[in-house]
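Here the protein sequences line up with chains A and B, keeping their order. To convert, note that position 53 of the first sequence is 72 in the working numbering; the numbers rise steadily by one, no gaps. To convert, note that position 2 of the second sequence is 84 in the working numbering; the numbers rise steadily by one, no gaps. One structure is given here, and the rest of the page talks about it.
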Amino acid sequence: MSTLTLPTPFLSPEPGHEERLLEISMGPQHPSTHGVFRMNVVLDGERVVRLKPVFGYLHRNHEKIAENETYLSSMPYTDRLDYICSLTNNWGYALAVEKLAGITVPERAEYLRVITGELTRLLNHACLLGFLLQDMGASGTPLMYAFREREKILDLFEALTGARMMCNYMRFGGCRVDTPAGWLDQARKVVAEFPRFLDEFEKLLVSNEILMERTQGVGVLSRELAISSAISGPMARASGLNYDIRKVDAYGIYPRFTFRVPLGKHGDVYDRYMIRFLEMRESLKILNDALRDIPAGPIIDPKSKPRGFRPKPGEAYGRIEAPKGELGFYLISDGSPNPYRYRVRPPSLINLTVLEDLCLGHNVADVVVILGSVDIVLGEVDR
Amino acid sequence: MIGNGILKGLAETARNFFGSYVSKDRLTTVQYPEQHIPQIEATRDFPFLVYDGADWESGMRCVACQICEKECPPKCILITKSTDKKPDAVGKPQFYPAVFDIDISVCMSCQICVEVCPFDAIKMDVQFDLPTDDRFGGLLLDRHKLAKSNEYYHQIHPTEATAVDTALAAERAKAAAAKAAAATPKPAAPAAPAPAAPKPASSTATPAPAPVAPMPVKPAEPPIKPLASESSKPGETK
Chain A
20 MSTLTLPTPF LSPEPGHEER LLEISMGPQH PSTHGVFRMN VVLDGERVVR
70 LKPVFGYLHR NHEKIAENET YLSSMPYTDR LDYICSLTNN WGYALAVEKL
120 AGITVPERAE YLRVITGELT RLLNHACLLG FLLQDMGASG TPLMYAFRER
170 EKILDLFEAL TGARMMCNYM RFGGCRVDTP AGWLDQARKV VAEFPRFLDE
220 FEKLLVSNEI LMERTQGVGV LSRELAISSA ISGPMARASG LNYDIRKVDA
270 YGIYPRFTFR VPLGKHGDVY DRYMIRFLEM RESLKILNDA LRDIPAGPII
320 DPKSKPRGFR PKPGEAYGRI EAPKGELGFY LISDGSPNPY RYRVRPPSLI
370 NLTVLEDLCL GHNVADVVVI LGSVDIVLGE VDR
Chain B
83 MIGNGILKGL AETARNFFGS YVSKDRLTTV QYPEQHIPQI EATRDFPFLV
133 YDGADWESGM RCVACQICEK ECPPKCILIT KSTDKKPDAV GKPQFYPAVF
183 DIDISVCMSC QICVEVCPFD AIKMDVQFDL PTDDRFGGLL LDRHKLAKSN
233 EYYHQIHPTE ATAVDTALAA ERAKAAAAKA AAATPKPAAP AAPAPAAPKP
283 ASSTATPAPA PVAPMPVKPA EPPIKPLASE SSKPGETK
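Structure representation (structure tokens):
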């Protein structure tokens, strides 16, 4: 084994251990890496002294493809960014184009967006908790419970949009189709039953001693680092950073709903785990209000037409609070049917940048847990 | 007490384990190839072309305007416009697709083609079991394979199909009214006689058979494998 020279910011091996460093490659086939993600980890015994994320295995040239497609044609591609929450991706893109072209959204469509967006948040957080516990070794059981709930929400999505995961639902100036008969009642039923799952899940594992041992004090992200690395979403809020774009930007009709922003204190894996439980409870509040108040009316701006969409030259940045953090779309229009520049600000990629800082000094087994708590989807990281 | 949390969790697991034998809504296994779960109405997978009437070729609504070909995000549609015209459902001579291919190994089921189609000619199917051992040709569907009747469309998406039919009927009535209004002062000239078309039988609503190369005549209904929920319907070819 050759001696590796480590640059200063990295953790130095213990004196006398320089000869014993081991460089291993975790992924892209490793089951804990959530898709095709690879980490070059340098170990001193079990201790991580250096970690380099390697990604790009799922690169599909999304941004360049979008520059050669019409505005509408890029919408189904946004489904494939974060393929667990396609509806919030649709929303972010639609919001950016609406800003660019100055389109307004009718009331009912705004409500439908909030409902589908918050259902997506429930879906994503339930999935994440299952995957995180799976990474920790609770093989199967919590994941199956989470997927059972996910299935109910996916059925709702299929009844509304026609597809379970690649929904392709939102349009510039509204939504594609109105709810089928009985859909809202079905949604109310799912929302009413969801707290039971949360209680069950909390009883199952929140006070579990093994879980606490594995997560508390592991992978601490300080508030300062979160700010300076532009971390967003539940990960930033777990570090005590009160930053929720639903509150900060007040986009859509979110100011109408009363909900609180849960904040963590320690910024460790346990806080990131718990913050998602609390966010799901807040989402349920929003959903209850939205499903109660949803008005009748048109679902799409009559001026918005599917063919021949050409916004005036200009630029716009639309961002939303996606389940994983700030999802932004930056568009430049030159007046042609295609965007001149199309840029995605994916929350997963930016949140992943601090992975090394979180992992240094911990054991290899903790790397898996920390990566799980960051909540990445490689479709979005690599684009 | 140490271990309290673990015991609490185990109790929850046990409750779920026994519950899975008792509660009906949790016995969800379906013996797939023999049984199907009931289809949700909005479900979509791959596009098909709608035709009216009995003959798939003359009744096809598509007029080869090629908008879907341009708008398709992964560019899986290939259309070649015909050189001659044939009368459409209203009786107006229209171009028709001489070639209409969809490579469903490329198609991503996004439904953009359905949205942009001004003629309601392309719709989404629900037929998902399409495995084939022919890697290149098997998933390249030509217009014959894509053509499905309006009745089939009514079967798979009843609400949507009824709305489309109502809109089309209104359009047709409007066109007929406009034609009648145009015909009253000047009775002689039909709207636009196509030079290539060899004398349509009449310019009224009965569509004449199109002058195209003879193709093997098919039964009225395309061979669709019936879903479990529909298998009892009569007249379905297997």
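Note that the Cβ used here is the ideal one computed from N, Cα and C, for glycine as well. These numbers come from a predicted model, not from an experiment.
Three-way DSSP call (helix, strand, coil) for Gln121/B in this model: Taking the first residue of the second sequence as 1, we reach residue 121/B at position 39. Residue state, collapsed to three classes: coil.
Helix or strand or just coil, what does DSSP make of Met184/A? Start at 1 with the first residue of the first sequence, and residue 184/A comes out as number 165. Note: Met184/A maps to coil in three-state DSSP.
Chain B within 7 angstroms of Ala1/A, Cβ atoms only: A question about residue 1/A goes unanswered here, because the residues of chain A that appear run from 20 up to 402.
I'd like to confirm the pairing. Which residues does DSSP put opposite Thr244/B in its beta bridges? As a first step, residue 244/B must be located in the second sequence, where it is residue number 162. In the DSSP output, where bridge partners are listed per residue, Thr244/B has none listed.
Have a look at Glu212/A, Leu303/A, Asp98/A and flag the residue whose alpha-carbon is nearest the alpha-carbon of Ala182/A. If you number the first sequence from 1, residue 182/A lands on position 163. When each option's Cα is compared against that of Ala182/A, the closest is Asp98/A.
On a Cα-Cα basis, can you pick out the residue from Phe278/A, Leu91/A, Val400/A, Leu148/A that is closest to Met189/A? As a position in the first sequence, residue 189/A is number 170, starting the count at 1. Closest by C-alpha distance to Met189/A, out of Phe278/A, Leu91/A, Val400/A, Leu148/A, is Leu91/A.
So, for Thr139/A: in the same chain, excluding its five sequence neighbours on each side, which residues have a beta-carbon less than 6 angstroms away from its beta-carbon? Here residue 139/A refers to the residue found at position 120 of the first sequence. Once the five neighbours on either side are set aside, the close Cβ partners of Thr139/A are Cys104, Leu106, Thr107.
Taking 7 angstroms as the CB-CB cut-off, is Thr160/A touching chain B? On the first sequence, residue 160/A is found 141 positions in, with the first residue counted as 1. Yes - at least one Cβ of chain B is within 7 angstroms of the one on Thr160/A.
Measuring only the C-alpha atoms, how far is Met297/B from His226/B? Along the second sequence, read from residue 1 onward, the residue named residue 297/B stands at position 215. Along the second sequence, read from residue 1 onward, the residue named residue 226/B stands at position 144. Because the pLDDT of Met297/B is 43, which lies under 50, any placement of that residue in the model is unreliable, and the number read from its coordinates should be weighed accordingly. Distance between the alpha carbons of Met297/B and His226/B: 10 angstroms.
Residue-chain proximity (Arg207/A, chain B), Cβ-Cβ < 7 angstroms: Taking the first residue of the first sequence as position 1, residue 207/A is located at position 188. For Arg207/A, the answer is no, since every Cβ of chain B falls outside 7 angstroms of its Cβ.
What in chain A is Cβ-close to Cys192/B, meaning under 9 angstroms? As a first step, residue 192/B must be located in the second sequence, where it is residue number 110. Near Cys192/B (Cβ distances below 9 angstroms), the residues of chain A are Ser92, Met94, Pro95, Tyr96, Asp98, Ala182, Met185, Asn187.
Could you tell me whether the Cβ of Lys233/A comes closer than 7 angstroms to any Cβ of chain B? For the purposes of this step, residue 233/A is taken as the residue at position 214 of the first sequence. Correcting the residue identity first, residue 233/A is Arg in this sequence and not Lys. By this cut-off, Arg233/A is not an interface position.
Output the distance between the C-alpha atoms of Met142/B and Ile204/B, rounded to the nearest integer angstrom. Taking the second sequence and counting its residues from 1, one reaches residue 142/B at position 60. Taking the second sequence and counting its residues from 1, one reaches residue 204/B at position 122. Their Cα atoms are separated by approximately 10 angstroms.
Contact defined as beta carbons within less than 8 angstroms: I believe Cys150/B pairs with Cys199/B. What is the distance between those atoms, to the nearest angstrom? For the purposes of this step, residue 150/B is identified with residue 68 of the second sequence, where counting begins at 1. For the purposes of this step, residue 199/B is identified with residue 117 of the second sequence, where counting begins at 1. With 8 angstroms as the limit, Cys150/B and Cys199/B qualify as a contact, their Cβ atoms being about 6 angstroms apart.
Using a Cβ-Cβ cutoff of 8 angstroms, what residues of the segment 69 to 89 of chain A are near chain B? List them in chain order. Residues of the segment 69 to 89 of chain A that bring their beta carbon within less than 8 angstroms of a beta carbon in chain B comprise Glu88, Thr89, in sequence order.
Does Lys284/A have its Cβ less than 7 angstroms from a Cβ in chain B? As a working note, residue 284/A is residue 265 in the first sequence. Cβ-Cβ to chain B under 7 angstroms: no for Lys284/A.
Run down chain A in chain order and give the residues with a C-beta less than 8 angstroms from the C-beta of Thr95/B. As a first step, residue 95/B must be located in the second sequence, where it is residue number 13. Within chain A, the residues near Thr95/B are Thr160, Leu223.
Output, in chain order, the set of chain A residues within a Cβ distance shorter than 8 angstroms of Ala124/B. The count along the second sequence starts at 1 and reaches residue 124/B at position 42. Simply Glu177, Ala178, Leu179, Thr180, Gly181, Val196, Pro199.
Since Leu217/A and Met299/A should fall inside the 8 angstroms C-beta cutoff, what is the C-beta to C-beta distance between them, to a whole number of angstroms? Mapped onto the first sequence, residue 217/A falls at position 198. Mapped onto the first sequence, residue 299/A falls at position 280. About 6 angstroms; that satisfies the 8 angstroms criterion.
Does any C-beta atom of chain A lie closer than 7 angstroms to the C-beta of Glu253/B? Sequence index remark: in the second sequence, residue 253/B carries index 171 (1-based). Chain A contact via Cβ: absent.
Just checking: is the beta-carbon of Arg57/A within a distance shorter than 7 angstroms of some beta-carbon in chain B? Walking along the first sequence from the start, residue 57/A turns up at place 38. Output row for Arg57/A: interface = no.
Beta-carbon proximity of Phe150/A to Val400/A, cut-off 7 angstroms: Position 131 of the first sequence, counted from the first residue, corresponds to residue 150/A. Position 381 of the first sequence, counted from the first residue, corresponds to residue 400/A. No, these two residues do not count as a Cβ contact at 7 angstroms.
Glu42/A, enclosing beta strand (DSSP E) - first and last residue: Translated into the one-based positions of the first sequence, residue 42/A becomes position 23. Run containing Glu42/A: 41 to 45, per the beta strand (DSSP E) assignment.
Rounded to whole angstroms, how far is the Cβ of Gly111/A from the Cβ of Leu346/A, which I believe are closer than 8 angstroms? Numbered from its first residue, the first sequence carries residue 111/A at position 92. Numbered from its first residue, the first sequence carries residue 346/A at position 327. Yes, Gly111/A and Leu346/A are in contact; Cβ-Cβ is about 4 angstroms, under 8 angstroms.
How big is the Cα-Cα spacing for Asn370/A and Asp107/B? Against the first sequence, residue 370/A aligns to sequence position 351. Against the second sequence, residue 107/B aligns to sequence position 25. Roughly 39 angstroms between the two C-alpha positions.
Using DSSP with H/G/I as helix, E/B as strand and the rest coil, what is Glu139/B? In the second sequence, the residue the question calls residue 139/B occupies position 57. Residue state, collapsed to three classes: coil.
Taking Ala198/B as the query, report the chain A residues whose CB atoms sit under 9 angstroms from its CB, ordered along the chain. Residue 198/B sits at position 116 when you count from the first residue of the second sequence. A small fix is needed here, since residue 198/B is Val in this sequence, not Ala. Here the neighbours are Leu91, Pro325, Arg326.
Going by beta-carbon coordinates alone, are Val9/A and Gly238/A separated by less than 7 angstroms? Chain A is shown from 20 up to 402; residue 9/A falls before or after that span and cannot be answered.
Can you tell me which of Asn98/B, Ala243/B, Glu94/B, Leu223/B puts its alpha carbon nearest to the alpha carbon of Ile186/B? Within the second sequence, the letter at position 104 stands for residue 186/B. If we check each option's Cα against that of Ile186/B, Leu223/B comes out closest.
How big is the Cα-Cα spacing for Leu162/A and Glu123/B? Counted from its first residue, the first sequence places residue 162/A at position 143. Counted from its first residue, the second sequence places residue 123/B at position 41. Each residue's alpha carbon lies about 29 angstroms from the other.
Asn357/A (DSSP reduced to helix, strand or coil): Walking along the first sequence from the start, residue 357/A turns up at place 338. Correct three-state label for Asn357/A: coil.
Please check if any C-beta of chain A sits within less than 7 angstroms of the C-beta of Lys90/B. Here residue 90/B is taken as the residue at index 8 of the second sequence, counted from 1. Chain A contact via Cβ: present.
For Thr288/B, would you say it is in contact with chain A, using Cβ-to-Cβ distances shorter than 7 angstroms as the test? Sequence index remark: in the second sequence, residue 288/B carries index 206 (1-based). Since pLDDT at Thr288/B reaches only 41, below the 50 mark, its modelled position is unreliable, and the value read off the structure follows with that caveat. Judged by the 7 angstroms Cβ criterion, Thr288/B is not in contact with chain A.
Applying the 10 Å Cβ sphere with the 16-neighbour rule, what's the burial state of Asn86/B? Position 4 of the second sequence, counting from 1, holds the residue named residue 86/B. So Asn86/B ends up on the exposed side.
Who does Ala335/A pair with in a DSSP beta bridge? Residue numbering aside, residue 335/A sits at position 316 when the first sequence is read from its first letter. Bridge partners of Ala335/A: Leu350/A.
Could you tell me the distance, in whole angstroms, from the CA atom of Pro275/B to the CA atom of Leu131/A? The count along the second sequence starts at 1 and reaches residue 275/B at position 193. The count along the first sequence starts at 1 and reaches residue 131/A at position 112. Reliability of the predicted coordinates at Pro275/B is poor, the pLDDT of 44 falling under 50, and the value obtained from them is presented with this limitation in mind. Each residue's alpha carbon lies about 49 angstroms from the other.
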